[in-house]
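Written out below as structure tokens is the structure these notes cover.
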Amino acid sequence: MNRYVAETTAEVAEGGLDWKINNFMDLKDTVIRSPSFEVASHMWHFQMKPSTEAGYFAGYLWWEGASGTVDASYSFEFGSTRLIESSGVKQFKSGSATERNWGYGKIMTVQSMLGALQDGALLVKINVRVLGGAVRSNIVSFDLAAGTWSS
């Protein structure tokens, strides 16, 4: 008997934060953390800081979960100049800091970031798509000898 997946569905929840950082030039040399926001009953925040490589900013999406894992994809937009998207779904895990966040060590150059300012403020749009709970599958079996399907 062979087993086939006949149907697979997954729920996806999407949400995010429009974050306005006033007086960005005064803060550009420090770690900047967004307010926490909720998507699919999970709390998140975005963090920016000067990169370890001169001339760049680093940016990371942090999951604030205490235990377990969550699968999500994300995108970031700075002013109207740049959209950055994750390459597929990432797994966020409780535990060490490196497992709780995903992002980029060189998300944008300082020059580009300064060009995105409007009246000294930087608008950051953070979008998170969370793959919901369990993936539900309808597993059926096909008996090759009998030529019949069963659930």
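One rule links them: number in the working numbering = place in the sequence shown (from 1) + 1300.
Where is the CB? At the ideal position from N, CA and C, for every residue including glycine.
Because the structure is a prediction, the values reported are computed rather than measured.
If you run the structure through DSSP and keep just helix, strand and coil, what is residue i?
i	result
residue 1399	helix
residue 1326	helix
residue 1410	helix
residue 1319	strand
residue 1365	coil
residue 1415	helix
residue 1311	coil
Between which two residues does the beta strand (DSSP E) holding residue i run?
i	result
residue 1347	1342-1350
residue 1371	1369-1378
residue 1353	Premise fails: residue 1353 is in no beta strand (DSSP E) and is neither H nor E.
residue 1338	1337-1339
Look at the alpha carbon of residue i and the alpha carbon of residue j, and state the distance between them as a whole number of angstroms.
i	j	result
residue 1353	residue 1395	27 Å
residue 1346	residue 1424	9 Å
Give me whichever residues DSSP pairs with residue i in a beta bridge.
i	result
residue 1422	1321
> Are there three or more Cβ pairs, one per stretch, closer than 8 Å when the segment 1370-1385 is compared with the segment 1319-1329?
Replying inline: no
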